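To start, the structure itself, in structure tokens.
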Amino acid sequence: IVRELRSWAKANLLAPDTLRLKDIQQNTKYLDLTCQLLAKETDGYLLLQVWDGTKCQRPIWQVNLDGYKLDGDANAIESLRGLSVDVLVYDNHASTASSLQVPGTTANTHTPSVNTHTPHTLELHLHGGTSYGRGVSVLPADSHDTTCQSTNNSEGWCVCVTVLTAHQHIAATALGAVLSQEPPCKYRIRAQLMDFQPRGLHQSVKLHCPACQAWYDMVSPFTPPLSPHNMSLIPHPHHTHRNKLMAAHIVLANGEEEAPESKAILAEGVTVRELHRLSRRFGSVIPVCRRSEQLTLMDCSVPFVIEGRKWHYGCKNCSTPRPVDALQSLPSGEPWKASAIARVLGVQMLHYVFVMKFTLSDGSGSLDALLWDEEKFFGIPASDVVGDESLQEKLRRILETLCPSKQEGYPWLECCIKSYRVRDGSNDKTCFQMFDTIVVGIEEL
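Residue numbers are given in full-length UniProt numbering: position 190 of the sequence shown equals residue 190, and the series is strictly consecutive.
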């Protein structure tokens, strides 16, 4: 009778809600963790090194394994360093834990306790006993998590170079099934990045207007549209000779401090090179010209304000520029933000965004997914990439990792995509967009 009751309970009772690593808080005491086993150590400790596809936001104590050798895939262990966590196992759970197969087992560690190793560091322990369902169990082959692991013929979660920032509860769907369903819908997929466009990375950063949804291309590779190598003069109604050097003059100082980097200046009749020099010296530079004896902003092909390496542009469709006298309404005791300058001068700011097309494949099908306005994916703001060569090189390394040029050994990506319908002439077209996905190990790239 007891065995029958246990079988019935196992088949019919609802499993407790699991907690993701990303959701662990400082005050978390117990949790159920569904995870993949990456490695184990059974000589000195009974230790399980696991990961659930998310990153814990709290510092977690890592066991010192100097002198010990982990049983697991060395490449997977290294690639997920900083994402995986150590669970120490004790007493009656040791035999089950030591028998787990590495790598690839999808397991549930029931109610391990979360202790505080230091005031700001957490550690995970699975103590002896079976109270509150405490233990280690291997998920059955037909469970959602195990099925998702084998979907797309991947080698498991541990080889994915991307993780989800949300929607981990959604079961993975093969691309063949995604293509057969009607939009709109959201999916969790595992696929390989077979190609990306544009290949010229400077074309992957565009200017976007949130008001009218207009797009503007960047002009010069990873430099502001006004290139410092272009020595022509900024257009001025009173000066047309291209070789005449025009003087820059400060007509406004912002703030009471003497430090130039705290100042905002208006610059009239200067070369592009002079604009670059001024932007390195002053906090904000506003290029202007004189019309009807009033200083006004230039046309929208010229930035309305420059803050260091960031050149801010306005939308030509949505902006209604006002004379720069309107700046007097801004507070004079603190630095001016570009958004505040845009507001008082009647400028609709354009935003720098990544726009790329990813070709994804999992063996069951392939599709093109758009990546746009998702700065978290690369971990680099598009506005910073434009003027920073080191960040441009980092972006190239990230894309080389995701889509190797050797066309072999493509890593797996775990992604969220959503389908939607757009009008293409007289026909409807189904499109896909990637969201809530980030690249793993950006700091090391």
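C-beta atoms are modelled at their ideal positions from N, C-alpha and C, and glycine is treated no differently.
Here the structure is a predicted model, which means the values were calculated and not measured.
Within a Cβ cutoff of 7 angstroms, which residues of the same chain sit near Gln294, ignoring the five residues on either side of it in sequence?
Locating residue 294 in the sequence shown gives position 294, where the first residue counts as 1. The residues are Pro323.
Would you mind stating whether Ala191 and Asp362 have Cβ atoms separated by less than 7 angstroms?
Within the sequence shown, the letter at position 191 stands for residue 191. Within the sequence shown, the letter at position 362 stands for residue 362. In contact: Ala191 and Asp362 (Cβ atoms closer than 7 angstroms).
Euclidean distance between Cα positions of Lys418 and Cys185
Residue numbering aside, residue 418 sits at position 418 when the sequence shown is read from its first letter. Residue numbering aside, residue 185 sits at position 185 when the sequence shown is read from its first letter. If you take the alpha carbons of Lys418 and Cys185, they lie about 6 angstroms apart.
So which of Asn64, Leu370, Ile60, Trp412 has the shortest CA-CA distance to Phe196?
For the purposes of this step, residue 196 is identified with residue 196 of the sequence shown, where counting begins at 1. Selection Asn64, Leu370, Ile60, Trp412 evaluated against Phe196 yields Leu370 as nearest (Cα-Cα).
Hey, which unbroken runs of the alpha helix (DSSP H) at 4 residues or more fall wholly within the region 321 to 392?
Segments of the alpha helix (DSSP H) lying fully in the region 321 to 392: 338 to 344, 375 to 378, 382 to 385.
Keeping to the same chain, check which residues put their C-beta closer than 8 angstroms to that of Ser284; ignore five residues upstream and five downstream.
Looking up residue 284 in the sequence shown gives position 284. If you ignore the 5 residues before and after Ser284, its C-beta comes within less than 8 angstroms of the C-beta of Asn254, Lys263, Ala264, Ile265, Val305, Ile306, Glu307, Pro335, Trp336, Ala338, Ile341, all in its own chain and listed in chain order.
So is Lys40 buried or exposed if we call it buried at 16+ other beta carbons inside 10 Å?
Here residue 40 corresponds to residue number 40 of the sequence shown, with the count starting at 1. That one is buried.
Close-in-space but distant-in-sequence residues of the same chain around Ser426 (CB under 6 angstroms, 5 per side omitted)
Mapped onto the sequence shown, residue 426 falls at position 426. Residues of the same chain with a CB within less than 6 angstroms of the CB of Ser426, apart from the 5 flanking positions on each side, do not exist.
Could you tell me the alpha carbon to alpha carbon distance between Leu207 and Arg421, rounded to whole angstroms?
For the purposes of this step, residue 207 is identified with residue 207 of the sequence shown, where counting begins at 1. For the purposes of this step, residue 421 is identified with residue 421 of the sequence shown, where counting begins at 1. Straight through space, the alpha carbons of Arg421 and Leu207 are spaced by roughly 24 angstroms.
Give the DSSP-derived three-state secondary structure of Leu33 in the structure shown.
As a working mapping, residue 33 is identified with position 33 in the sequence shown. Under the three-state reduction of DSSP, Leu33 is assigned to strand.
Residues near Val205 in its chain [Cβ-Cβ closer than 8 angstroms; skip 5 each side]:
One-based indexing of the sequence shown puts residue 205 at position 205. Closer than 8 angstroms at the Cβ level, and outside the excluded window around Val205, lie Met218, Phe222, Tyr352, Val353, Phe354, Val355, Ala382, Val385, Val386.
Closest residue to Ala214 among Tyr313, Gln36, Arg343, Gly269 (Cα-Cα distance)
For the purposes of this step, residue 214 is taken as residue 214 along the sequence shown, with counting starting at 1. The residue with the shortest Cα to Cα distance from Ala214 is Tyr313.
Which residues does DSSP list as the beta-bridge partners of Leu266?
The residue labelled residue 266 in the question sits at position 266 within the sequence shown. For Leu266, the pairing in a beta bridge is given by DSSP as Ile286.
Please state whether the Cβ-Cβ distance between Phe432 and Cys416 is less than 7 angstroms.
Walking along the sequence shown from the start, residue 432 turns up at place 432. Walking along the sequence shown from the start, residue 416 turns up at place 416. No. Outside cutoff.
How many Å lie between Asp52 and Gln328 at the Cα?
By 1-based counting over the sequence shown, the position of residue 52 is 52. By 1-based counting over the sequence shown, the position of residue 328 is 328. Straight across, the Cα-Cα distance linking Asp52 with Gln328 is about 54 angstroms.
Counting pairs of beta carbons, one from the region 343 to 350 and one from the region 373 to 380, are three or more of them closer than 8 angstroms?
Proximity of the region 343 to 350 to the region 373 to 380 falls short of the contact definition, fewer than three beta-carbon pairs being nearer than 8 angstroms.
Quick check: the Cα distance between Leu360 and Lys376, rounded to an integer number of angstroms?
Position 360 of the sequence shown, counted from the start, is the residue given in the question as residue 360. Position 376 of the sequence shown, counted from the start, is the residue given in the question as residue 376. Looking at the two C-alpha atoms, the distance is approximately 19 angstroms.
Let's test the definition: count the other Cβ atoms within 10 Å of the Cβ of Ile1 and tell me whether it reaches 16, buried, or not, exposed.
Residue 1 sits at position 1 when you count from the first residue of the sequence shown. Classification of Ile1: exposed, given that the 10 Å Cβ count is below 16.
For Arg277, the three-state DSSP class (helix, strand or coil)
Position 277 of the sequence shown holds residue 277. In this structure, Arg277 counts as helix in the three-state DSSP scheme.
Residues that Asn75 bridges to, as DSSP identifies them
Position 75 of the sequence shown holds residue 75. DSSP lists no partner for Asn75.
First through last residue of the beta strand (DSSP E) which encompasses Thr437:
Against the sequence shown, residue 437 aligns to sequence position 437. Here the beta strand (DSSP E) through Thr437 covers 437 to 439.
Look up Glu307 in the DSSP assignment and say whether it is helix, strand or coil.
Here residue 307 refers to the residue found at position 307 when the sequence shown is read from its first residue. DSSP places Glu307 in strand when its eight states are reduced to three.
Leaving out the 5 sequence neighbours to the left and right, which residues in its chain are closer than 7 angstroms to Cys318 when beta-carbon positions are compared?
Position 318 of the sequence shown holds residue 318. So the qualifying residues of the chain are Cys209, Ala211, Cys212, Gln348.
Under 7 angstroms, do Ser98 and Thr42 count as touching if we go by C-beta distance?
Taking the first residue of the sequence shown as 1, we reach residue 98 at position 98. Taking the first residue of the sequence shown as 1, we reach residue 42 at position 42. Yes.
Note down the Cα distance separating Leu367 from Ala177, rounded to an integer number of angstroms.
For the purposes of this step, residue 367 is taken as the residue at position 367 of the sequence shown. For the purposes of this step, residue 177 is taken as the residue at position 177 of the sequence shown. When rounded, the distance between both Cα atoms is 11 angstroms.
When we look at the beta-carbon of Asp73 and count the other beta-carbons within 10 Å, is it buried (16 or more) or exposed?
Working through the sequence shown from its first residue, we reach residue 73 at position 73. In the assembly as shown, Asp73 is a buried residue. Its beta-carbon has 16 or more other beta-carbons within 10 Å.
Tell whether a beta-carbon distance below 7 angstroms holds between Thr96 and Val136.
Counted from its first residue, the sequence shown places residue 96 at position 96. Counted from its first residue, the sequence shown places residue 136 at position 136. Using a Cβ distance threshold of 7 angstroms, Thr96 and Val136 count as a contacting pair.
If you draw a straight line from the alpha carbon of Val49 to that of Leu37, how long is it in whole angstroms?
Position 49 of the sequence shown holds residue 49. Position 37 of the sequence shown holds residue 37. Sequence check: residue 49 is Gln here, not Val. Taking the straight line from one Cα to the other gives about 6 angstroms.
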